[in-house]
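Asker: Here it is, the structure in full.
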Amino acid sequence: MKQKKIPLRSCVVTREKLPKQELLRVVRTKEGEVKIDDSGKMNGRGAYIKKDLAVLEKAKKTRALAKCLEVEIPESVYEQIKITIQKEMD
């Protein structure tokens, strides 16, 4: 029987290729809003970030997510991402 292919995506901060389950997708909608995409199917420009608080801090410092999504990311979105990552770690 054939092995099922595991989809890999790149983290915009670390540039690592990881399975989708280990990454968090952040989306810029057509209206310019930035949201966390839990389903992985939301419309808009998406960027993946590793589910790690150190990587999130690096993304904030280097503005990697903002550059990739081509929009300023509010502090509230970073807080939502932090809460989501902490839930995943528990």
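Residue 28 in the working numbering sits at position 28 of the sequence shown, and the numbers go up by one each step.
By construction, the Cβ of each residue, glycine as well, lies at the ideal position given by its N, Cα and C atoms.
Which class does residue 87 belong to by DSSP, given the choice of helix, strand or coil?
Answerer: Counting from one through the sequence shown, the residue named residue 87 turns up at place 87. Three-state result, residue 87: helix.
Asker: Tell me the rounded alpha-carbon separation between residue 46 and residue 78.
Answerer: Along the sequence shown, one-based indexing puts residue 46 at 46. Along the sequence shown, one-based indexing puts residue 78 at 78. Residue 46 and residue 78: Cα-Cα distance of roughly 15 Å.
Asker: Give the C-beta separation of residue 82 and residue 53 to the nearest angstrom, bearing in mind that I take them to be a contact with Cβ-Cβ under 8 Å.
Answerer: By one-based count along the sequence shown, residue 82 stands at place 82. By one-based count along the sequence shown, residue 53 stands at place 53. That pair is a contact at about 7 Å.
Asker: Who pairs with residue 37 in a beta bridge, going by DSSP?
Answerer: Within the sequence shown, numbered from 1, the residue matching residue 37 stands at position 37. Answer by DSSP bridge pairing, in chain order: 25.
Asker: Select from 33, 22, 44, 76 the residue whose C-alpha is nearest the C-alpha of residue 85.
Answerer: Against the sequence shown, residue 85 aligns to sequence position 85. Taking only the C-alpha atoms, the option nearest residue 85 is 22.
Asker: Apart from the five residues just before and just after residue 9, which ones in its own chain have a Cβ nearer than 6 Å to its Cβ?
Answerer: For the purposes of this step, residue 9 is taken as the residue at position 9 of the sequence shown. Around residue 9: 20, 23, 48.
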